[in-house]
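Asker: Quick one: structure below, then a few questions.
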Amino acid sequence: MFTGIVAAIGKIESVQPLAGGLEAGVRLSIHAGGLPLADVALGDSIAINGACMTVVEKSASGFVVDVSRESLNCTVGLDTTTEVNLEKALTLAERLGGHLVSGHVDGLGVVRKFEAVGESWELVVEAPHELAKYLAFKGSIVVNGVSLTVNRVSDIGSGKELVCQFSINLIPHTIAMTTLKHLRVDGKVNLEIDLIARYVERMLSVAKAG
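Residue numbers (my numbering): 153 to 362.
So, in structure tokens, the structure goes:
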């Protein structure tokens, strides 16, 4: 589990294909930036742009993870040398500064607006149809591993053509301490919905079916 509070900005330094041809994944070598690694052991989990990955090698300044083809197909930003948001797995002794995050990407959003508004920035993301029901005013959403609060939700279209656009206000600290500063209109982002919303939807669907 994670909190969605980014601990450091790291960088994917190399992307090496794993054995197995086109269906195989990749091995990422990541410089940890300011992320302390003294308490990280092989097999531990680290969220990379919101995707939970397992440490398979470690050095004083970085670590290595293997990313499956399935994970690559469901995420963005894990197949190229670029800066990434990093967070170590939550321990019971830590403050829960964001919200409970599993590190499992639920879908890809598309940035529709990213503009300065006063000292802050407005981020508008279009979520896929299947995630629309989980997004609510003042609810939580994870964008590229960052726990954020939804300020506005707009449903556009109908039926299978329905898309959901949600707006977020990014304060200067968030811009400075994460890779969200690099977002561009029409770029894709990793999204994880709130765990509570996921379970509420499941309970309602089972009750309706019964």
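All C-beta atoms, glycine included, are put in the ideal place defined by N, C-alpha and C.
Please classify Glu-175 as buried or exposed, where buried requires at least 16 other C-beta atoms within 10 Å of its C-beta.
Answerer: Exposed is the call here.
Asker: Within 10 angstroms of its Cβ, does Met-355 collect 16 or more other Cβ (buried), or is it exposed?
Answerer: exposed
Asker: Terminal residues of the continuous alpha helix (DSSP H) containing His-325?
Answerer: 324-329
Asker: Distance, Cα to Cα, Asp-346 vs Ala-212?
Answerer: 34 Å
Asker: May I have the straight-line CA-CA distance separating Met-205 from Leu-238, to the nearest angstrom?
Answerer: 11 Å
Asker: Grab me the residues of Gly-250's own chain with a C-beta within less than 6 Å of its C-beta, minus the 5 sequence neighbours each way, in chain order.
Answerer: Within the same chain, Thr-155, Gly-156, Ile-157, Ser-299 come within 6 Å of Gly-250 by CB-CB distance, once the 5 residues on both sides are set aside.
Asker: Taking the continuous beta strand (DSSP E) assigned at Met-355, which residues delimit it?
Answerer: Per DSSP, Met-355 belongs to no beta strand (DSSP E); it is in the alpha helix (DSSP H), 347-361.
Asker: Assuming Cys-226 and Val-262 make a contact with CB atoms under 8 Å, what is their CB distance in whole Å?
Answerer: Between Val-262 and Cys-226 the Cβ distance is about 15 Å, and since that is not below 8 Å, they are no contact.
Asker: Could you give the residue range of the beta strand (DSSP E) that holds Leu-244?
Answerer: Where Leu-244 is concerned, there is no enclosing beta strand (DSSP E), given that its DSSP letter is neither H nor E.
Asker: Check this for me: beta carbons of Gly-186 and Ala-160, under 8 Å apart or not?
Answerer: yes
Asker: Are Val-253 and Asn-201 touching if we call contact CB-CB under 8 Å?
Answerer: no
Asker: Any C-beta of chain C sitting closer than 8 Å to the C-beta of Leu-356?
Answerer: In summary, chain C is missing from the structure at hand, where a single protein chain is found.
Asker: According to DSSP, which residues form a beta bridge with Ile-157?
Answerer: Per DSSP, none; premise fails for Ile-157.
Asker: For the 8 Å Cβ check, are there 3 or more pairs between the region 212-224 and the region 163-182?
Answerer: yes
Asker: Straight-line CA distance for Asp-191 to Met-329?
Answerer: The straight-line gap separating the alpha-carbon atoms of Asp-191 and Met-329 is approximately 22 Å.
Asker: Grouping DSSP H, G and I as helix and E and B as strand, with all else coil, what is His-334?
Answerer: In the three-state DSSP reduction, His-334 falls in the helix class (H, G or I).
Asker: Nearest by alpha-carbon distance to Glu-209: which of Leu-194, Thr-301, Gly-309 is it?
Answerer: Leu-194
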